[in-house]
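**Q** Residue numbers (the numbering used here): 1449 to 1983.
Have a look at this one before I ask anything.
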Amino acid sequence: MLSEFGRYLILKKIAVGGMAEIFLARRVSMGQFSKFVVLKRLSPEYQGKRSFERLFLTEAKLTGRLSHPNIVQLNDLGQVDGSYFMAMEYIHGVSSAEMMSKAAQQRKPVPLGVALGIVFSTARALAYCGQALSHEGESLDLLHHDISPHNIQIRFDGVVKLLDFGVATQAQRQEGSSRRGKFAYMSPEAFSRQHLDQRSDLFSLGVVLYELTMGRRLFKGRNQQETKQKAEYCEVPAPSSIHPQFPKVLEGLILKALAKDKNARFQSFEELILALESLNKELNIDSSSERVARYLRDLYSDDIEKRSLQLQALAARAEVIGSDPLDEINTLGAKESAPVNLSGKPIGQLPTSMGLPQSKTPAPLEGGDGLFGKEEVESEVLAGINAEKTPSAEDPRQKLESLQQDLAALGQADKDWDENHSQVNSLRYMIFGLLLLLVTAASAYYLGSQQLDSKVTVSTSNKTKFIISSEPSGATVSVSGVRWGITPLDMEQDSFEVPITIHISKPGFEAKSIQMSPKPGSVLQVQVNLPQKSP
C-alpha cells in the first residue's frame, strides 16, 4: 500500500490492535530529505471520542518527554483529517519475542551474554524513566506497566530499544490501581491492585530475563485464564532444577528479581544494574551490543539482507512520488491540521483451568506463532472509558484547547478507568512482524432488533472464509476484540476458538454484534444494515 498522510507516505500496515493502527511510513521533504518512521494512528472508530483522544495524547505527552538511547523516540505528534497520529523512530530489527521464537525454531538458544545485554539495556531505560524530569523540573516517576519481550525491540546492530508507553502512568499520581499489561508478565502486587512503584516493572523484567536465559515461558498457560492463574500464583521454579548447570549466581539474581514479596526484590533498577554488572565480571560474559549483533546476524543471516532490500525498494517508490525537492508531500483530498506540541497546544499559527497450575515446570519454547502470537494485554484503562463524542467546534483551536484542558485535569489518575467498570482484555499492537492470529466463525444468531443477515455454506478448504459487508460500507469489523479491517471485507482464517463475536461499527451509526460458533471449512457471509444514530 502507498498512500499519503499529511507529510508522510504510508508504505505498509504493520499491525492493528487496542485503539491504534501502526504503519511503516516515509517522511519525504525538502532537499531530498527522507527517513523511515513508524506512524501510530488513532483508529477511525475512536476519532472524535474525547476519552480515547485524551488517552492517545497523554501517551504522546509522556513519551515525548523521554530522551534515552534505549527508548524509542517520538519525533512528531499531529492531526490529519481529524485523526491524531504519532511519528516514532523506526527500528530496523526484531522484537525480543520474535528473536526468542526464531531461536526456538532454529534450535539456537539465546546466549547468556545476549540475554544479559538485552536486560541490561532495558533496565537502564527503566531506571531513566524513574529519574526523568518534566518540563517543569518535576520527577516523572514513570511506570511502564507492559514490560514484555514484545515491547523490547533489538536493532540488527545490537542496540536495544524499549517501546509502547500506551498504558504507562506516573507512580505518584495513582489514585487506586488498575491492572495493566500482559498477565504472563504482571507483578503480584498488580494482580492484587496495590499501589505500584518501579518494583512492579522490575518484576516484569525479571520474567523476561528468566525466559531469555531458560529458553522457555515462565507463566504462559494453555489459555488466558490459565496464564492468569499461573502468574497470580507466582511459583517460580529454580533454573537449576531444570538445567543443573545453570550458574548459581545468575539464578540468585533472577529469583530475587522475581520475589513475590516486593520488599524482597531489588528495590530499584539502579540496584539491579549494579548486580548485573557484578554478575558480568564474575562470569566474564560479553554482554555488549556487538555481542547481541553477532547473534542476530547468525540467527537471521540472509534474512537481514532481504529486509534491507525490501526497505530500499520501499524507499525508492517513496522517492519517486516525492521527487520534487521543493515540495513536501500533500495529503490527497484533505488538508493537514495544525501540528500539536506535547502540551496539546497548536504550534505557530495553528498550523490453566480453575485452581492451581497443574505443572510447576514452565513450558519449553516452541517455534511457530503459538509462542507469542496471542499475548493479550489486560487493559482496564480502556475498559472504563466513557467514549462520549467530542463537542464539534468550527475553530480547531477550540477543540485543541478543550483537549488540553482535559489532559490537565486527567493527569495520570486512574479514576476514569477504575475497576467498577466491566473488565475488557484489549490486545495491543505487537510491532514488526508479529501477526494477530485469531478467530473465525460460521453459524450465527441475531442480536437486537435491527436487520442483520448471515449465510453459511460449505467449502472444500479447511479454512473458514468470511465475507462481511455493511450498509453503509466503510464500517470497522472487530472479532473478539481484535480489529480485522473495513467493510467490505473478504478474508480466510484456519485457526480459531469458538464462540466468537463479530462487532461492526461506524461513527455516526448504530453498531451491531453477532455471536457465532462456526466449523472449519465453511464460508460465512454476513450483511449488516447500520441505522444512523439520532442527532
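C-beta atoms are modelled at their ideal positions from N, C-alpha and C, and glycine is treated no differently.
Between Val1562, Val1927, Ser1688 and Glu1730, which has its C-alpha nearest Gly1466's C-alpha?
**A** The residue among Val1562, Val1927, Ser1688 and Glu1730 with its C-alpha nearest the C-alpha of Gly1466 is Val1927.
**Q** Taking the beta strand (DSSP E) that Ser1970 belongs to, which residues open and close that run?
**A** Ser1970 to Asn1977
**Q** What number of angstroms, rounded off, separates the C-alpha of Ala1463 from the C-alpha of Lys1550?
**A** Looking at the two C-alpha atoms, the distance is approximately 19 Å.
**Q** Could you check what DSSP says for Tyr1456 in three-state terms: helix, strand or coil?
**A** strand
**Q** For the alpha helix (DSSP H) that Gln1672 lies in, which residues bound it at each end?
**A** Gln1672 -> alpha helix (DSSP H) spans Gln1672 to Tyr1681.
**Q** Considering only C-alpha positions, which residue in the set Leu1657, Gly1933, Leu1490 and Leu1666 is nearest to Thr1506?
**A** Leu1490
**Q** Is it the case that the Cβ atoms of Leu1472 and Phe1484 are separated by a distance below 8 Å?
**A** yes
**Q** Classify Ala1585 as buried or exposed, calling it buried when 16 or more other Cβ atoms lie within 10 Å of its own Cβ.
**A** Checking the sequence, you will find Gly at residue 1585 rather than Ala. Gly1585 is exposed by the Cβ-count criterion.
**Q** Using only the alpha-carbon positions, how far apart do Arg1455 and Ser1652 sit?
**A** 38 Å
**Q** For the candidate residues Val1558, Arg1498 and Ala1741, whose alpha-carbon lies nearest to that of Ala1545?
**A** Among Val1558, Arg1498 and Ala1741, the Cα nearest to that of Ala1545 is on Val1558.
**Q** Measure the beta-carbon distance from Gln1963 to Pro1947 and round it to whole angstroms, keeping in mind my assumption that it falls under 8 Å.
**A** Yes, they are in contact, since the Cβ atoms of Gln1963 and Pro1947 sit about 5 Å apart, within 8 Å.
**Q** To the nearest whole angstrom, what separates the beta carbons of Gly1541 and Gln1579, a pair I think is in contact under 8 Å?
**A** That pair is no contact at about 26 Å.
**Q** To the nearest angstrom, how far is the alpha carbon of Glu1738 from that of Ser1953?
**A** 48 Å
**Q** To the nearest whole angstrom, what separates the beta carbons of Leu1581 and Leu1588, a pair I think is in contact under 8 Å?
**A** 7 Å
**Q** Among all the DSSP beta bridges, which residues are the ones paired with Lys1704?
**A** Partner(s): none; Lys1704 has no beta bridge.
**Q** Going by beta-carbon coordinates alone, are Ile1721 and Leu1660 separated by less than 8 Å?
**A** no
**Q** Taking Ser1982 as part of the alpha helix (DSSP H), name the residues at either end of that continuous run.
**A** First-last for Ser1982: undefined, no H or E at that position.
**Q** State the beta-bridge partners of Met1536 as determined by DSSP.
**A** Val1486 and Leu1522
**Q** So, are the CB atoms of Gln1554 and Leu1747 less than 8 Å apart?
**A** yes
**Q** In terms of residues, what are the limits of the beta strand (DSSP E) holding Ile1421?
**A** The question about residue 1421 has no answer, for the chain in this structure spans 1449 to 1983.
**Q** Once DSSP output is grouped into helix, strand and coil, what is the label at Phe1504?
**A** helix
**Q** Can you say whether Glu1725 is buried or exposed, counting buried as having 16 or more other CB atoms within 10 angstroms of its CB?
**A** exposed
**Q** Expressed to the nearest angstrom, what Euclidean distance is found between the alpha-carbon atoms of Ala1563 and Glu1958?
**A** 49 Å
**Q** Determine, using beta carbons only, whether Arg1593 and Gly1629 come nearer to each other than 8 Å.
**A** The residue asked about is misnamed: residue 1593 is His in this sequence, not Arg. Yes, the pair counts as a contact, with Cβ atoms nearer than the cut-off.
**Q** Tell me the residue span of the beta strand (DSSP E) that contains Asp1938.
**A** Leu1937 to Gln1941
**Q** Let me know the secondary structure DSSP gives Lys1461 once reduced to three states.
**A** strand
**Q** In terms of residues, what are the limits of the beta strand (DSSP E) holding Ile1952?
**A** Ile1948 to Ser1953
**Q** Below 8 Å on the Cβ atoms is my guess for Ala1679 versus Phe1631; work out the distance and round it to an integer in Å.
**A** 5 Å
**Q** Would you kindly work out how many angstroms separate the C-alpha atoms of Gly1669 and Ser1965, rounded to a whole number?
**A** 23 Å
**Q** I need the boundaries of the beta strand (DSSP E) containing Arg1742, first residue and last residue.
**A** Per DSSP, Arg1742 belongs to no beta strand (DSSP E); it is in the alpha helix (DSSP H), Ser1737 to Tyr1748.
**Q** Go ahead and label Ile1777 buried or exposed: buried means 16 or more other beta carbons lie within 10 angstroms of its beta carbon, across all protein chains shown.
**A** For Ile1777, the predicted model reports a pLDDT of 29, less than 50, meaning its position is unreliable; a value from the coordinates is still stated below. Ile1777 comes out buried.
**Q** Leu1574 bridges to which residues according to DSSP?
**A** Per DSSP, none; premise fails for Leu1574.
**Q** Quick check on the burial criterion: 16 or more other C-beta atoms within 10 angstroms. Buried or exposed for His1598?
**A** buried
**Q** My output table needs one value for Gln1554: the three-state DSSP class, helix, strand or coil.
**A** helix
**Q** Take the Cβ of Asp1612 as the centre, count every other Cβ of all protein chains shown within 10 Å, and call the residue buried at 16 or more, exposed below.
**A** buried
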